[in-house]
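*Asks:* Chains as they are written, first to last, in the working numbering: chain W, 863 to 972; chain B, 1094 to 1206.
Idealized CB from N, CA, C, for every residue including glycine.
For clarity, every value in this text was computed on a predicted model and none was experimentally measured.
Can you read through this structure? Questions will come right after.
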Amino acid sequence: SQQGEEDPQALSIQEGENATMNCSYKTSINNLQWYRQNSGRGLVHLILIRSNEREKHSGRLRVTLDTSKKSSSLLITASRAADTASYFCATDDPDYKLSFGAGTTVTVRA
Amino acid sequence: GAGVSQSPRYKVAKRGQDVALRCDPISGHVSLFWYQQALGQGPEFLTYFQNEAQLDKSGLPSDRFFAERPEGSVSTLKIQRTQQEDSAVYLCASSPGSRVEQYFGPGTRLTVT
């Protein structure tokens, strides 16, 4: 069973626009991670945010975490065609294996 | 700096055949994981190794699935008497410990006909 749920399921934006996707989870966590998967490839780790952190940045990525609402968001600023991919949030369940949502598919139009 | 590698990348098996999928983790990574990813879904946990010890196999769907990591490095996921519902991408990941990011291989796409 999957703990995380991403929203929306799919997102289509113009190059240069920002993309925001959300993740909700059910149980308490130690950390939450975001991964990207390009078509037919393995997952690439983007960012890890610990349960005692509220916001984290990495390049054009910004992640927030609200443990009281059991939710996280991933913002990609100034999107590029290369950002076209599926994005997954994953929680540690319990503290080693990852529990993934079904993902958000992002399409960046040129 | 090689990443996680998996072989084969694609495997077609007739129903009832046995298959073996290989994972070469990043050198020195203690933890190794197998996940199964169905089309349009996120990966689902299958099993976890810490060195050569299989500490969690709660995600293996049936007793037809078997994984090993005898020397604490390379791992093999074996599926006996494959069924159509086994068709999926099998992902291997390794990490230097727990509560940290995992590094994924490209996956093996298994199609059972």
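Does any CB atom of chain B fall closer than 8 Å to the CB of W/L923?
*Replies:* The count along the first sequence starts at 1 and reaches residue 923 of chain W at position 61. It does not: the Cβ of W/L923 has no partner Cβ on chain B nearer than 8 Å.
*Asks:* Going residue by residue through the stretch 1111 to 1151 of chain B, where are the continuous alpha helix (DSSP H) segments of at least 4 residues, counting only ones entirely within it?
*Replies:* none
*Asks:* In three-state terms, what does DSSP make of W/S863?
*Replies:* By one-based count along the first sequence, residue 863 of chain W stands at place 1. For W/S863, the predicted model reports a pLDDT of 49, less than 50, meaning its position is unreliable; a value from the coordinates is still stated below. Coil at W/S863, not helix or strand.
*Asks:* So, does the stretch 1133 to 1145 of chain B touch the stretch 961 to 971 of chain W, judging by three or more C-beta pairs under 8 Å?
*Replies:* yes
*Asks:* What is the DSSP secondary structure of W/Q876, reduced to helix, strand or coil?
*Replies:* Within the first sequence, the letter at position 14 stands for residue 876 of chain W. Here W/Q876 sits in strand by DSSP.
*Asks:* One question on the structure: do B/T1201 and B/Q1129 come within less than 8 Å of each other, judged by their Cβ atoms?
*Replies:* Stepping through the second sequence from its first residue, residue 1201 of chain B is reached at position 108. Stepping through the second sequence from its first residue, residue 1129 of chain B is reached at position 36. Taking 8 Å as the cut-off, the Cβ atoms of B/T1201 and B/Q1129 do not count as close.
*Asks:* Are the C-beta of B/Q1195 and some C-beta of chain W separated by less than 8 Å?
*Replies:* Taking the second sequence and counting its residues from 1, one reaches residue 1195 of chain B at position 102. It does: the Cβ of B/Q1195 has a partner Cβ on chain W nearer than 8 Å.
*Asks:* Return the CA-CA distance between W/S863 and W/A940, expressed in angstroms with no decimal places.
*Replies:* Numbered from its first residue, the first sequence carries residue 863 of chain W at position 1. Numbered from its first residue, the first sequence carries residue 940 of chain W at position 78. Note that W/S863 scores 49 on pLDDT, short of 50, meaning its location in the model is unreliable and no value can be drawn from it.
*Asks:* Could you tell me the distance, in whole angstroms, from the CA atom of B/Y1183 to the CA atom of B/W1127?
*Replies:* As a working note, residue 1183 of chain B is residue 90 in the second sequence. As a working note, residue 1127 of chain B is residue 34 in the second sequence. Between B/Y1183 and B/W1127, the C-alpha separation is close to 7 Å.
*Asks:* Nearest CA to the CA of W/Q866: which residue from W/I875, W/A881, W/I891, W/V970?
*Replies:* Residue 866 of chain W sits at position 4 when you count from the first residue of the first sequence. The sequence shown places Gly at residue 866 of chain W, not Gln. The residue with the shortest Cα to Cα distance from W/G866 is W/I891.
*Asks:* W/E947 CB to nearest chain B CB: under 8 Å?
*Replies:* Translated into positions along the first sequence, residue 947 of chain W becomes position 85. Residue identity differs from the one stated: residue 947 of chain W is Ala in this sequence, not Glu. By this cut-off, W/A947 is not an interface position.
*Asks:* Find the residues of chain B that neighbour W/S961, judging by a C-beta separation of less than 8 Å, and give them in chain order.
*Replies:* Your numbering for residue 961 of chain W matches position 99 in the first sequence. Result: F1138.
*Asks:* Can you list, in chain order, the residues of the stretch 893 to 905 of chain W whose Cβ is nearer than 7 Å to any Cβ on chain B?
*Replies:* Correct list: N893, Q895, R903, G904, L905.
*Asks:* Please report how far the alpha carbon of B/Y1196 lies from the alpha carbon of B/F1159, in whole angstroms.
*Replies:* Indexing the second sequence from 1 puts residue 1196 of chain B at position 103. Indexing the second sequence from 1 puts residue 1159 of chain B at position 66. One C-alpha to the other measures close to 22 Å.
*Asks:* Look up B/A1160 in the DSSP assignment and say whether it is helix, strand or coil.
*Replies:* Translated into the one-based positions of the second sequence, residue 1160 of chain B becomes position 67. In this structure, B/A1160 counts as strand in the three-state DSSP scheme.
*Asks:* Taking a contact to mean a Cβ-Cβ separation below 8 Å, would you say B/C1185 touches B/V1097 in this structure?
*Replies:* Taking the first residue of the second sequence as 1, we reach residue 1185 of chain B at position 92. Taking the first residue of the second sequence as 1, we reach residue 1097 of chain B at position 4. Yes, Cβ-Cβ distance for B/C1185 and B/V1097 is below 8 Å.
*Asks:* Looking at chain W, is there any beta carbon in it that lies within less than 8 Å of the beta carbon of B/P1199?
*Replies:* For the purposes of this step, residue 1199 of chain B is taken as residue 106 along the second sequence, with counting starting at 1. Output row for B/P1199: interface = yes.
*Asks:* Of all Cβ atoms in chain B, is any one closer than 8 Å to the Cβ of W/H907?
*Replies:* What you label residue 907 of chain W is simply residue 45 of the first sequence in a count that begins at 1. With its beta carbon less than 8 Å from one in chain B, W/H907 belongs to the interface.
*Asks:* Compare the Cα-Cα distances from W/I909 to each of W/L873, W/S901, W/S934, W/G902 and report the closest residue.
*Replies:* Taking the first sequence and counting its residues from 1, one reaches residue 909 of chain W at position 47. Selected option, being the one with the closest Cα: W/S934.
*Asks:* Does W/Q895 pass the burial test, meaning 16 or more other C-beta atoms within 10 Å, or should it be called exposed?
*Replies:* Here residue 895 of chain W refers to the residue found at position 33 of the first sequence. Per the 10 Å Cβ criterion, buried.
*Asks:* Looking at C-alpha atoms only, which residue of B/A1106, B/A1181, B/V1193, B/K1104 is the closest neighbour of W/I911?
*Replies:* Numbered from its first residue, the first sequence carries residue 911 of chain W at position 49. Nearest option by C-alpha distance: B/V1193.
*Asks:* Does any residue of chain B have a CB that is nearer than 8 Å to the CB of W/G965?
*Replies:* Position 103 of the first sequence holds residue 965 of chain W. Judged by the 8 Å Cβ criterion, W/G965 is in contact with chain B.
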